[in-house]
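*Asks:* Here my numbering is used: the first residue of the sequence shown is 14, the next is one more, and so on. Take a look at the following structure, please.
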Amino acid sequence: MTRREYYSQYEQYEIKRKEAKVMCVPEKYYSANEVDGPKINALFFQYYAITDSYRELLVSYLPIIPLLKKQVKLEEADYLLYTNGYVRCYDLSDKVCDNLRQLASYRKEGAEIIVIGKSANAKHILNGEIDNITFVGDHYAEYLGKRFGFPEMKEQYVVYDDYLEQLNVWPVDGCNNKCAFCRRSFMHIRFESQQFTFIKKQLDWYQENEPEKMRHISLRAENLTEYGIDLYGKPMLHRIIHLINSYDAVEIITIDIGMCFGEITPEIKDALCKAKKITRIGLNPEVGNDRLLKFIGKKHTCQEAIDICTQLRNANPKIVIETTVMVGLPTETIEDMYLLANLLHKIWPDYIHLNYYIHSPRTPLNEYPQMSESLREYHLQILLKQLRVIKEEYTHVKFHPVICIRHYFIWGKKRNSRKWIKEKMKLDKKNAETNFFPANMPFKRIVLRSCKTEVKWRDYE
Ligand code: SF4
């Protein structure tokens, strides 16, 4: 994949989200007496859905669009839908609780608030503070379909994305681990694998009816490696990989969300090495030494990460390896930055997704002193400098011309594309009548990249 393709893929994710957001905003909000069916308002839901993950959007959100076509004004609705990404970069739990309090104050007497998706975790914080509120953490498309007379509305786990031209397969949701830096350490998300036969049936349908859509399969999940343990008593991801690899129509398989090194069983590793259609894989070393790995609760060692990457490259020299690492963890030292740079050069990734550790008072790491922003920035600079220093000693930069360091965090100004501004204006206009439109999450993107053997640094775009 070229750098242009890589960046354009990221843009496409955004387009899909924005399209979904615009697609389901109704032409108008009706008065209650103009609507025969359930009197629903989903203004908050539609606004915040964009903050949620690609999975939520495609698996649960798009199927419920028929329900959102005819909505009533917020103050006349019997049911108010709400969702939020809840925790993606920052922990937004408190903001979600404030939104819900606000919504409770706007609703007409007797109206029910239905909180769906990850934000249903707010139940444990609100602890009965708001009455007439229902929390539905998962399977919300099915829940709403049953409740409001849309029986065909169901979660979709094999979904074609017409922008990315890829067939997404989500065989599992949730994660049984509680890594100390991860939102999973304080969130309740049901772990659930889909039956192997269910996935196969859907892929068979595509093979039979729309094989052109199977050309590129994106195998996705927050923790793919645990697939099957709830159904079969042991990890069975290798079966899914062998299955997808076996279809003639499949040319490319990508595993886009980072896998846990420590949970890659010999069977999974064997399947990854044998499935030559895998062109790209995400793997998460997270940090650069065994002390920090233990500290954050990861199961692997640095040597295991190196071994797995080496074996994958030996088996499939063209495979693109993407990695995710963190800077700014409590107890982190400058030496840790040197060790991380060393590890990255041994793993030999094609892409490095570099994230700041963003603290939440709800994670187990809260008991340690947190790093100041300036020290965190200093650690980042040391790491980047060290990556450049070491680069001279390794030849891989020549063979892997695009080493890309992406670094997202939420703060400061938002860089808006023209398309996004146009859509936002359209939405603002539509919502002007209600006189209420909550502020979007700002974000700032930093991209640092090196090209071919020349390192070109672009600071803070
Ligand atoms: S394995 Fe991944 S998703 Fe699960 S808790 Fe750890 S970091 Fe989070």
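Ideal Cβ placement from N, Cα and C applies to all residues, glycine included.
Return yes when the C-beta of C195 is under 7 Å from any heavy atom of ligand 1, and no when it is not.
*Replies:* For the purposes of this step, residue 195 is taken as the residue at position 182 of the sequence shown. For C195, the shortest C-beta to heavy atom distance toward ligand 1 is below 7 Å.
*Asks:* Taking its Cβ as the centre, do 16 or more other Cβ atoms sit within 10 Å of R304, making it buried, or is it exposed?
*Replies:* Here the question's residue 304 lines up with position 291 in the sequence shown. Exposed.
*Asks:* Taking the alpha helix (DSSP H) that L306 falls in, what are its first and last residues?
*Replies:* What you label residue 306 is simply residue 293 of the sequence shown in a count that begins at 1. For L306, the enclosing alpha helix (DSSP H) has its first and last residue at D303 to I309.
*Asks:* Could you give the distance in angstroms between the alpha-carbon of V48 and the alpha-carbon of G98?
*Replies:* Along the sequence shown, one-based indexing puts residue 48 at 35. Along the sequence shown, one-based indexing puts residue 98 at 85. Each residue's Cα considered, the two are about 30 Å apart.
*Asks:* With M272 as the anchor, note down where its beta strand (DSSP E) starts and where it stops.
*Replies:* Sequence index remark: in the sequence shown, residue 272 carries index 259 (1-based). First-last of the beta strand (DSSP E) with M272: I265 to M272.
*Asks:* Are the CB atoms of D283 and A234 nearer to each other than 8 Å?
*Replies:* In the sequence shown, counting from the first residue as 1, residue 283 sits at position 270. In the sequence shown, counting from the first residue as 1, residue 234 sits at position 221. Contact flag unset, no.
*Asks:* Using the three-state DSSP reduction, which class does H229 fall into: helix, strand or coil?
*Replies:* For the purposes of this step, residue 229 is taken as residue 216 along the sequence shown, with counting starting at 1. Strand, per DSSP.
*Asks:* Would you report the Cα separation of V85 and E165, rounded to the nearest angstrom?
*Replies:* Residue numbering aside, residue 85 sits at position 72 when the sequence shown is read from its first letter. Residue numbering aside, residue 165 sits at position 152 when the sequence shown is read from its first letter. The C-alpha of E165 is placed about 22 Å away from the C-alpha of V85.
*Asks:* Comparing alpha-carbon positions, which option in S206, E239, K312 and E345 lies nearest S385?
*Replies:* Along the sequence shown, one-based indexing puts residue 385 at 372. Nearest option by C-alpha distance: E345.
*Asks:* Helix, strand or coil, according to DSSP, for Q324 in the structure here?
*Replies:* Within the sequence shown, numbered from 1, the residue matching residue 324 stands at position 311. Q324: helix per DSSP, three-state reduction.
*Asks:* Leaving aside the five residues before and after S21 along the sequence, list all residues of the same chain whose C-beta is less than 7 Å from its C-beta, in chain order.
*Replies:* The residue labelled residue 21 in the question sits at position 8 within the sequence shown. With a pLDDT of 49 at S21, under the threshold of 50, the modelled position of that residue is not reliable, and the figure given next carries that caveat. Closer than 7 Å at Cβ, skipping near neighbours: no residue.
*Asks:* If distances are taken between C-alpha atoms only, which option among Y103, L397 and V171 comes closest to K214?
*Replies:* The residue given as residue 214 occupies position 201 in the sequence shown. Checking every option, the nearest Cα to that of K214 belongs to V171.
*Asks:* Alpha carbon to alpha carbon, what distance is there between Y391 and W361?
*Replies:* Position 348 of the sequence shown, counted from the first residue, corresponds to residue 361. Position 378 of the sequence shown, counted from the first residue, corresponds to residue 391. Looking at the two C-alpha atoms, the distance is approximately 24 Å.
*Asks:* Could you check the C-alpha separation between I138 and C110 for me, to the nearest Å?
*Replies:* Start at 1 with the first residue of the sequence shown, and residue 138 comes out as number 125. Start at 1 with the first residue of the sequence shown, and residue 110 comes out as number 97. Spanning the two alpha carbons is a distance of roughly 8 Å.
*Asks:* Could you tell me whether the region 263-274 touches the region 292-307, where touching means 3 or more Cβ pairs closer than 8 Å?
*Replies:* yes
*Asks:* Could you tell me which residues DSSP puts in a beta bridge with E299?
*Replies:* Counting from 1 along the sequence shown, the entry for residue 299 is found at position 286. In DSSP, E299 forms a bridge with V338.
*Asks:* Are E221 and P76 touching if we call contact CB-CB under 8 Å?
*Replies:* For the purposes of this step, residue 221 is taken as the residue at position 208 of the sequence shown. For the purposes of this step, residue 76 is taken as the residue at position 63 of the sequence shown. No, Cβ-Cβ distance for E221 and P76 is not below 8 Å.
*Asks:* Return the chain-ordered ranges of every alpha helix (DSSP H) run that is complete within the region 25-113 and spans a minimum of 4 residues.
*Replies:* 56-62 and 78-81
*Asks:* Got a sec, what are the start and stop residues for the alpha helix (DSSP H) Y219 sits in?
*Replies:* On the sequence shown, position 206 is the one that residue 219 refers to. That run of the alpha helix (DSSP H) goes F209 to N222.
*Asks:* From what residue to what residue does the alpha helix (DSSP H) around I347 run?
*Replies:* As a position in the sequence shown, residue 347 is number 334, starting the count at 1. I347 to I360 is the span of the alpha helix (DSSP H), which, as asked, contains I347.
*Asks:* In the DSSP assignment, find the alpha helix (DSSP H) that holds D283 and state where it starts and stops.
*Replies:* For this step, residue 283 is matched to residue 270 along the sequence shown. Unbroken alpha helix (DSSP H) run through D283: P279 to K287.
*Asks:* Can you check which of these residues, N190, Y67 and V100, is closest to T238 by C-alpha distance?
*Replies:* Counting from 1 along the sequence shown, the entry for residue 238 is found at position 225. Per the Cα distances, N190.
*Asks:* Could you tell me whether the region 148-165 touches the region 113-120, using the rule of 3 or more Cβ pairs below 8 Å?
*Replies:* no
*Asks:* What are the complete beta strand (DSSP E) segments, minimum 3 residues, inside the region 133-177?
*Replies:* 146-149 and 171-174
*Asks:* I'd like the span of the beta strand (DSSP E) that includes N181, first residue to last.
*Replies:* Indexing the sequence shown from 1 puts residue 181 at position 168. Note, N181: beta strand (DSSP E), Q179 to V182.
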